[in-house]
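Numbering (this note's numbering), first residue to last: 3 to 370.
And the structure:
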């Protein structure tokens, strides 16, 4: 191919990425699925990753590129925006284009002709299992694809940070105590919808991460108020009655409004709730998505021991569970979230770090 790769991590991962996409596409074809994306060969994967990586290290008018590239021909892109002239795929062109396409959901279309990769335009519509590379910060690339199940849902394949490569381990879902959120993200065979409760929680998590201020979300049972034992009084922003904007929306029948209107309303409510997590302290909702409080300070419940160890794992290859002190995961925010779940074992805690890391805390009887 015309593009000579110099990014070693791209060369290391390319063949494996091709085999993963080949397996997904083969399984989808056997099950009768249509509208499938083309297979990205190892050379294609390596070249796209290389150009994207070096572009991510550049700046355009003082800003680092935030860009999403998708490998597909124009005829599979729905109603694409097509350039009159094909543009070469290289870091310089990507850096120049990035400011105009950094909004979520816009992909730069990449295709191959006469063994040469080129940029043909942009699209907001891509086929199932389309190879996508996202850049959100310098030297950070995420390889993903669009899922068959779930409107607008993507599944991560690998994360590259400089010379570090982390392959997502889909076998993590086979663990008996796998959190439902992780199961929804990694299990390609599980149908997922916008108003599915777990999927909504994922959307909240994504929005929490996006505000980049860090935050804690506690999800507690709606039929119990035991969680109050782990919150320092007075609660600065206690919501009475509980705010049910998101809860009411999720209970609506889809036929009551158009799908697009409903999704827009859902996004607004999700961003409203997730935005509160930027306030110092924890945001608390129940399992019906009713807002109970925000800015809450977590304290050890009366009669409970201080937590001194957790079982920590990552859904990546080689990310097996290890027993560590919760402070090794993060700072005060992580330690208090772990203590809360230790004391309130029917609750879940979600913690977004300012550096973009996201941690789910849940109680596992199998680990205790």
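Glycine is no exception: its CB is placed at the ideal position from the N, C-alpha and C atoms. As the structure is a computational prediction, the values presented were derived from the model and not from experiment.
Check: When the distance is taken between beta carbons, is residue 293 closer than 8 angstroms to residue 214?
Finding: Going by C-beta atoms, residue 214 is not nearer than 8 angstroms to residue 293.
Item checked: For residue 328 and residue 353, the rounded distance between their alpha carbons -> 12 angstroms
Item checked: Short Cβ contact (8 angstroms threshold) for residue 222 with residue 346 -> yes
Item checked: Unbroken beta strand (DSSP E) run spanning residue 88, endpoints -> From DSSP, the beta strand (DSSP E) with residue 88 extends over 83-90.
Next item on the list: Apply the 10 Å Cβ neighbour rule to residue 70 and answer buried if 16 or more other Cβ atoms are within range, or exposed otherwise.
Entry: buried
Notebook entry, point to check: Using the rule of at least 16 other Cβ atoms within 10 Å of the residue's Cβ for burial, across every protein chain shown, is residue 263 buried or exposed?
Noted result: exposed
Check: In the structure shown, what three-state DSSP assignment does residue 139 receive?
Finding: strand
Check: Helix, strand or coil: how does DSSP classify residue 161 here?
Finding: strand
Notebook entry, point to check: Helix or strand or just coil, what does DSSP make of residue 357?
Noted result: coil
Next item on the list: Could you spell out where the alpha helix (DSSP H) holding residue 62 opens and where it closes?
Entry: No alpha helix (DSSP H) holds residue 62; DSSP gives it neither H nor E.
Item checked: Whole runs of the beta strand (DSSP E) within the stretch 216-293, excluding any shorter than 3 residues -> 217-222, 239-245 and 284-288
Next item on the list: Could you tell me which of 86, 237, 271 and 49 sits nearest to residue 73, measuring between CA atoms?
Entry: 49
Notebook entry, point to check: Going by beta carbon distance, what residues of the same chain come within less than 7 angstroms of residue 90, once the five residues before and after it are set aside?
Noted result: 120
Notebook entry, point to check: Hey, would you say residue 52 sits closer than 8 angstroms to residue 8, going by beta carbons?
Noted result: yes
Next item on the list: Look at the alpha carbon of residue 26 and the alpha carbon of residue 79, and state the distance between them as a whole number of angstroms.
Entry: 20 angstroms
Item checked: Sequence-distant residues of the same chain with beta carbon closer than 6 angstroms to residue 276, five excluded per side -> 206, 209 and 210
Check: residue 201 bridges to which residues according to DSSP?
Finding: Partner(s): none; residue 201 has no beta bridge.
Checklist line | Given 8 angstroms, three or more beta-carbon pairs between the stretch 131-146 and the stretch 155-163 | finding: yes
Item checked: C-alpha gap between residue 313 and residue 219, whole angstroms -> Straight-line Cα distance between these residues: approximately 20 angstroms.
Notebook entry, point to check: Terminal residues of the continuous beta strand (DSSP E) containing residue 119?
Noted result: Where residue 119 is concerned, the enclosing beta strand (DSSP E) starts and stops at 118-125.
Checklist line | Buried versus exposed, by CB contacts within 10 Å (16 or more), residue 336 | finding: So residue 336 counts as buried.
Item checked: For residue 55, the first and last residue of its enclosing alpha helix (DSSP H) -> 44-58
Next item on the list: Rounded to whole angstroms, what's the CA-CA distance from residue 39 to residue 128? Just pull it up for me.
Entry: 8 angstroms
Next item on the list: Going by CA-CA distance only, name the one from 232, 282 and 202 that's closest to residue 251.
Entry: 202
Checklist line | Close Cβ partners of residue 12 (< 6 angstroms) along its chain, the five nearest in sequence each way excluded | finding: Hits under 6 angstroms: 48, 51 and 52.
Next item on the list: Note down the Cα distance separating residue 31 from residue 84, rounded to an integer number of angstroms.
Entry: 29 angstroms
Margin query: Relative to the C-alpha of residue 227, which candidate in 288, 315 and 246 has its C-alpha closest?
Written below: 288
Margin query: Considering just the uninterrupted stretch of the beta strand (DSSP E) at residue 112, what are its terminal residues?
Written below: For residue 112, the enclosing beta strand (DSSP E) stretches over residues 109-115.
Checklist line | Opening and closing residue of the beta strand (DSSP E) in which residue 168 lies | finding: 166-169
Item checked: alpha helix (DSSP H) segment containing residue 337, residue limits -> Where residue 337 is concerned, the enclosing alpha helix (DSSP H) stretches over 334-345.
Notebook entry, point to check: So which of 143, 111 and 225 has the shortest CA-CA distance to residue 167?
Noted result: 143
Check: Which of helix, strand or coil does DSSP assign to residue 295?
Finding: The answer is strand: DSSP assigns residue 295 an E or B state.
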